[in-house]
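Visitor: Residue numbers (my numbering), protein chains in the order written: chain U, 11 to 413; chain B, 3 to 158.
1) Only counting the same chain, and skipping five residues up and downstream in sequence, which positions put a Cβ closer than 7 Å to that of residue 316(U)?
2) Report yes if the CB atom of residue 98(B) is closer than 7 Å to the CB atom of residue 68(B), and no otherwise.
3) Buried or exposed: where does residue 86(U) fall if 16 or more other Cβ atoms within 10 Å of its Cβ makes it buried?
4) Report back the beta-carbon spacing between residue 252(U) and residue 349(U) to the nearest angstrom; my notes put them in contact at under 8 Å.
5) Taking DSSP as the reference, what is the three-state secondary structure of residue 303(U)?
6) Which residues of the segment 277–300 of chain U have a Cβ closer than 7 Å to any Cβ of chain B? Give them in chain order.
7) So that I know if they touch, is there some Cβ in chain U lying closer than 7 Å to that of residue 8(B)?
8) What does DSSP give as the partner residue(s) for residue 183(U) in the beta ladder?
9) Does the segment 279–292 of chain U come within contact of the segment 100–112 of chain B, defined as at least 3 CB pairs closer than 8 Å?
10) Using only CA atoms, which one of 86(B), 54(B) and 100(B) lies nearest to residue 23(B)?
11) Using Cβ-Cβ distances below 8 Å, what residues of the segment 93–125 of chain B are close to chain U?
12) Does the distance from the C-beta atom of residue 179(U) to that of residue 339(U) stay below 7 Å?
13) Give me the Cβ distance between residue 181(U) and residue 314(U), rounded to the nearest whole Å; I'm assuming they're in contact under 8 Å.
14) Looking at chain B, which residues of the segment 358–383 of chain U have a Cβ within less than 8 Å of any of its Cβ atoms?
15) Which residues in chain B sit within 7 Å of residue 236(U), going by Cβ to Cβ distance?
16) May I have the straight-line CA-CA distance separating residue 41(B) from residue 78(B), to the nearest angstrom?
17) Would you kindly work out how many angstroms separate the C-alpha atoms of residue 64(U) and residue 130(B), rounded to a whole number?
18) Going along chain U, which residues have a C-beta under 8 Å from residue 149(B)?
19) According to DSSP, residue 27(B) sits in a beta bridge with which residue or residues?
20) At 9 Å on the CB atoms, spell out the chain B contacts of residue 347(U), in chain order.
21) In the DSSP output, what is residue 57(B) paired with across the bridge?
22) State the Cα-Cα distance for the pair residue 74(U) and residue 105(B), rounded to the nearest angstrom.
23) Return the CA-CA distance between residue 47(U) and residue 133(B), expressed in angstroms with no decimal places.
24) Residues in its own chain within less than 6 Å of residue 233(U) by CB, not counting five upstream and five downstream?
25) Using a cut-off of 7 Å between C-beta atoms, extract the partners of residue 32(B) located in chain U.
26) Measuring alpha carbon to alpha carbon, tell me which of 257(U), 120(U), 137(U) and 145(U) ends up nearest residue 404(U).
27) In this structure, does DSSP put residue 55(U) in helix, strand or coil?
28) List, from N- to C-terminal side, the alpha helix (DSSP H) runs of 4 residues or more that fit wholly inside the segment 15–101 of chain U.
29) Which chain U residues are close to residue 132(B), counting only those with a beta carbon under 9 Å from its beta carbon?
30) Using a Cβ-Cβ distance under 7 Å, would residue 250(U) count as near chain B?
31) Specify, as a first and last residue, the run of the alpha helix (DSSP H) that residue 327(U) falls within.
32) Could you spell out the range, first to last residue, of the alpha helix (DSSP H) harbouring residue 113(B)?
33) Hey, could you find the ends of the alpha helix (DSSP H) residue 371(U) is sitting in?
34) Excluding the 5 residues preceding and the 5 following residue 201(U) in the sequence, name in chain order all residues of the same chain whose CB lies nearer than 6 Å to its CB.
35) Would you tell me roughly how many angstroms separate the C-alpha atoms of residue 88(U) and residue 177(U), rounded to the nearest one?
36) Counting only beta-carbon separations shorter than 7 Å, does residue 37(B) have a partner in chain U?
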């Protein structure tokens, strides 16, 4: 069988006969995600680059149109699988806005806590992978250790290491297990200790600086033009953070800073992520201290599944359970766009409801996909060996990019 | 001092078919011919420097069939604006925004993939999430969910 690429590239015809076209990915250890970069190189420098995504497309939006609102939650886990909580909460917020309901105070604070906690894991993954690709194996192992402690701890909470499905429309699956917060403080201290070591190894490391400083730098205007959001936009010096500017959940009551970079290069993206982990730890501690008591689910039988015991003993609960499982939550007709600050940038859900239990249309504004659209501008003019650190600093997650 | 949204409605209201509020976000329903003028004004005069998203919604029974939905963000004010326009299945063509925003390049390719809406002026409408030779547009309502077209034949 003759090989034919799924999508042809204009780079198949080089601009100059002395140029060489190289192909990286879609299945390559350094792309850590299914993405393909076709690069036309002149000696060691990249002249043109063409980034192809879509190798992990699973039809999330089509699936969503055929499932009830609760059944979509496990699909949202599989968007950015390094921080499934953030996806869960962003999706639930869109549905709750459409329903016009207000979640309980405890749920609001717990969601904030878990979103920040999961952000730590996501940033650790990104920094770890970028460091490893530049030969920083110890930094990789330290950060992966932190990440694994967090995943094990999340497993205790939700029963899964990565794909938590912990959210419910109008609340959460269950309250915290006993002793969970005590273990959380231990892990935060452990994380701080290891982050300090990573700072010590990378911040002033000549090899690391040589490979990241001034590589793939961009101005704020360039970042906005190409739709960059999140840590990548902030690394250029723009203080744009939805948690500060459009506060949602419990963020208005939290004290935190928005770290920004200076040049928008790979080093700044590394440093902004590391500083964001510090801020997230600070926020998780505040959430722990201020976590209110009370119910985690809204008191509305049309939205929240009844207690299992009541389903077997009370006819009303049995009916509610049946209606919720078979027909789903009835969301009033209308449309809503709701965005959260995901670890990679603005994670938005655009929901169109026709008044039934299934969305008429559910669109994800995924940061990774938009970031890949401008990535060729950051690769062109740099060296072939810079492709991998630049790509790593973008933190493309295949599931989120291709949906 | 009018608010951000009031200023937009004052200035661009005459160019819109309707302006309304969707859960606190300003929505401008416009005609496809007004798209570039409105977006240029939003970008130049109202600071909508970030083109967040474009997608479409399919209403098979309606004429014209598709809604094309744009989201913009003004980072200084942290305010969002939604634009909606309607486009017919047969003359499904909308002006591209690639001249104003680089990020339009990828997002318009995705909408073209999924709905078959053409963006006039976007030179690169190759498939992005799908592959060359894929028949149909999967997010259209008449594309059955069970329909399969494997690029490599299944092993039996």
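Heads up, the beta-carbon is just placed ideally off N, CA and C, and yes, glycines get one too. Every value quoted in this text rests on a predicted model; they were computed, and no experiment measured them.
Guide: Working from what's here:
1) Locating residue 316(U) in the first chain gives position 306, counting from the first residue. Counting only Cβ-Cβ distances below 7 Å, and skipping sequence neighbours, we find 327, 330 and 331.
2) As a working note, residue 98(B) is residue 96 in the second chain. As a working note, residue 68(B) is residue 66 in the second chain. Contact: no.
3) Along the first chain, one-based indexing puts residue 86(U) at 76. Result: buried.
4) Along the first chain, read from residue 1 onward, the residue named residue 252(U) stands at position 242. Along the first chain, read from residue 1 onward, the residue named residue 349(U) stands at position 339. The Cβ separation is near 6 Å, so the contact holds.
5) Along the first chain, one-based indexing puts residue 303(U) at 293. DSSP places residue 303(U) in coil when its eight states are reduced to three.
6) none
7) Counting from 1 along the second chain, the entry for residue 8(B) is found at position 6. For residue 8(B), the answer is no, since every Cβ of chain U falls outside 7 Å of its Cβ.
8) Looking up residue 183(U) in the first chain gives position 173. Paired residues: none, contrary to the question.
9) no
10) In the second chain, the residue the question calls residue 23(B) occupies position 21. Comparing Cα-Cα distances from residue 23(B) to each of 86(B), 54(B) and 100(B), the minimum goes to 86(B).
11) Identification of residues in the segment 93–125 of chain B having a C-beta nearer than 8 Å to some C-beta of chain U yields 103, 104, 105, 107, 108, 109, 112 and 116, given in sequence order.
12) Here residue 179(U) corresponds to residue number 169 of the first chain, with the count starting at 1. Here residue 339(U) corresponds to residue number 329 of the first chain, with the count starting at 1. Cβ atoms of residue 179(U) and residue 339(U): closer than 7 Å.
13) Here residue 181(U) is taken as the residue at index 171 of the first chain, counted from 1. Here residue 314(U) is taken as the residue at index 304 of the first chain, counted from 1. Right, their Cβ atoms sit about 6 Å apart.
14) 358, 360, 362, 370, 371, 373, 375, 379, 380, 382 and 383
15) Indexing the first chain from 1 puts residue 236(U) at position 226. Listed along the chain, the chain B residues whose CB falls inside 7 Å of the CB of residue 236(U) are 104 and 105.
16) The count along the second chain starts at 1 and reaches residue 41(B) at position 39. The count along the second chain starts at 1 and reaches residue 78(B) at position 76. Looking at the two C-alpha atoms, the distance is approximately 17 Å.
17) Residue 64(U) sits at position 54 when you count from the first residue of the first chain. Residue 130(B) sits at position 128 when you count from the first residue of the second chain. Answer to the nearest angstrom: the Cα atoms are 6 Å apart.
18) Counting from 1 along the second chain, the entry for residue 149(B) is found at position 147. In chain order: nothing, as chain U lies at least about 10 Å away.
19) The residue you call residue 27(B) lines up with position 25 of the second chain. Per DSSP, 24(B).
20) Against the first chain, residue 347(U) aligns to sequence position 337. What residue 347(U) touches in chain B: 24, 25, 27, 54, 55, 71, 73, 82 and 84.
21) Along the second chain, read from residue 1 onward, the residue named residue 57(B) stands at position 55. BP columns for residue 57(B) point to 71(B).
22) Position 64 of the first chain, counted from the first residue, corresponds to residue 74(U). Position 103 of the second chain, counted from the first residue, corresponds to residue 105(B). The straight-line gap from Cα to Cα measures roughly 25 Å.
23) Taking the first chain and counting its residues from 1, one reaches residue 47(U) at position 37. Taking the second chain and counting its residues from 1, one reaches residue 133(B) at position 131. If I take the Cα positions, the gap works out to 16 Å.
24) Along the first chain, one-based indexing puts residue 233(U) at 223. Hits under 6 Å: 243 and 246.
25) The residue labelled residue 32(B) in the question sits at position 30 within the second chain. In chain order: nothing, as chain U lies at least about 16 Å away.
26) If you number the first chain from 1, residue 404(U) lands on position 394. When each option's Cα is compared against that of residue 404(U), the closest is 137(U).
27) In the first chain, the residue the question calls residue 55(U) occupies position 45. DSSP, read as helix, strand or coil, puts residue 55(U) in strand.
28) 70–74 and 83–87
29) Taking the second chain and counting its residues from 1, the one referred to as residue 132(B) is at position 130. Correct list: 16, 17, 64 and 67.
30) In the first chain, counting from the first residue as 1, residue 250(U) sits at position 240. Output row for residue 250(U): interface = yes.
31) Translated into the one-based positions of the first chain, residue 327(U) becomes position 317. Run containing residue 327(U): 325–336, per the alpha helix (DSSP H) assignment.
32) For the purposes of this step, residue 113(B) is taken as residue 111 along the second chain, with counting starting at 1. Unbroken alpha helix (DSSP H) run through residue 113(B): 106–117.
33) One-based indexing of the first chain puts residue 371(U) at position 361. Not the alpha helix (DSSP H): residue 371(U) falls in the beta strand (DSSP E), residues 369–375.
34) The residue labelled residue 201(U) in the question sits at position 191 within the first chain. Once the five neighbours on either side are set aside, the close Cβ partners of residue 201(U) are 156.
35) The sequence position of residue 88(U) within the first chain is 78, counting from 1. The sequence position of residue 177(U) within the first chain is 167, counting from 1. The straight-line gap from Cα to Cα measures roughly 14 Å.
36) As a working note, residue 37(B) is residue 35 in the second chain. Answer no: the Cβ-Cβ gap between residue 37(B) and chain U never drops below 7 Å.
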